[in-house]
Every structure is written in structure tokens, then in C-alpha cells.
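In our numbering, the protein residues as written are 24 to 234. C-beta atoms are modelled at their ideal positions from N, C-alpha and C, and glycine is treated no differently. These numbers come from a predicted model, not from an experiment.
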């Protein structure tokens, strides 16, 4: 138990100690602030290390989980569709044996899925862009859809190891076929096709070829 004399001495010294404590408070606050800054700087360094490690794990800094663009997704679907078409032939055709004739047959095969009315010569609506009544003329793949499809397949062929020199989608026969389809549909539908100027860096993305 503390003696009365000791308690009295302690109470008399209390103002002095309070004064010292007030003088010491700014120093404590400054030290605390420095500690926080040091902590956040360490966290910043750690984040930088993680970012650098992430970049080294994924070349180019790209994340492999990023969703591909519409164009890339459509190109993959087109390539798979063409591969399935070749496998369904009798006998099946290997991609390495594919030539421009197989590509032309594939484009004609797609006509059965077309949604574009192409009037035949002799039809009363031949050359009319907006016929007033229905007719029995067939539905075909639109020229623009076929042109975009060939562009995607030409790129996919080379991305999958094909040589540009043997690319069947880039052959002269394919270009002639597309030009004939374009001219035929322009006359039959009465819609002249105008060449569009492409902006620099603009990719071709026409969606599904079945239209």
C-alpha cells in the first residue's frame, strides 16, 4: 500500500508529466505517419513485383483469359465449319489436300442457308430493289457475306500453319467467283455495290456468313 507522503508527491508531479506528454504527442504522430507511409510504399513495391511477374508469365502482358473479339470468334467458327465440311465429304478431304475447287463447292453448298432473295432472269421483279410482292426466286448467300467469309478463312488458313503460296482461299478462281456473284446479285436485285473505303486499322467483322 502506497504511503500518504508518496501519493502526495506523485500528485504534485502530475502536471509536470502531463506537460511532457503533450510535448511528446507531435513526435508520436509523426512517427506513426512515417510508419504508415513506409507500409504503403512496401505494398506499392509488392504490387509492382506482382505486375512484373504477371508480365513475364504472360508474354506481352496479355491475360490468356481475355474473351476474343467477335471477329476472332467468328473466324474460329468458320474454320471449324469448313473443316467439318471437308470431313463429311466422301471420301473425307484432308486440309492439306484442300484446293480452290473444294472452296468453291463449299461456297455453293452454303447457298442453301442463304437469306437473300436473288431474282432470276425472267422474274417480273428482276432488277427491282424493293419488289412489291413475293416471288418464287431462290434465296442465296449475299455477296458481302461470302466475301467476308473468304477473308476470315484466308487468314485462318495461314494462322493454322498453311503457306500463303498455297492458300486456296486466296486463289484467282475464288476472286473470279466472288466477282461474278457480286455482279449477278447487283443486277438481279437492282442494288449496285459501291466500294467502301476502309479506315486504317479497321477489321472486317461481318458476323455470321449465313445471310
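Check                                                                                                                                                                     : Outcome
What are the boundary residues of the alpha helix (DSSP H) that includes residue 123?                                                                                     : 123–133
From residue 92 to residue 213, what distance separates their C-alpha atoms?                                                                                              : 34 Å
Quick check on the burial criterion: 16 or more other C-beta atoms within 10 angstroms. Buried or exposed for residue 136?                                                : exposed
Go ahead and label residue 177 buried or exposed: buried means 16 or more other beta carbons lie within 10 angstroms of its beta carbon, across all protein chains shown. : buried
Leaving out five residues before and five after residue 148 in sequence, what residues of the same chain have Cβ atoms less than 6 Å from its Cβ?                         : 142, 154 and 158
Roughly how many angstroms lie between the CA atoms of residue 173 and residue 90, to the nearest whole one?                                                              : 23 Å
Check each candidate in 187, 204, 171 and 190 and name the one with the smallest Cα separation from residue 95.                                                           : 171
Just confirm the distance between the C-beta atoms of residue 123 and residue 197, as a whole number of angstroms; I'd bet it's less than 8 Å.                            : 6 Å
Quick check on residue 93: does DSSP put it in helix, strand or coil?                                                                                                     : helix
Closer than 8 Å is the cut-off here; do at least three beta carbon pairs connect the stretch 204–211 with the stretch 185–192?                                            : no
Can you name the start and end residues of the alpha helix (DSSP H) that residue 186 belongs to?                                                                          : From DSSP, residue 186 is part of no alpha helix (DSSP H); its letter is neither H nor E.
On the premise that residue 130 lies in contact with residue 9, defined as a C-beta separation below 8 Å, what is that separation, rounded to the nearest angstrom?       : Because residue 9 is not part of the residues shown, which for the chain are 24 to 234, the question remains open.
Taking 7 Å as the cut-off, is the C-beta of residue 111 nearer than that to any heavy atom in the ligand MG?                                                              : Annotation note on the ligand MG: not contained in the displayed structure, which lists no ligands.
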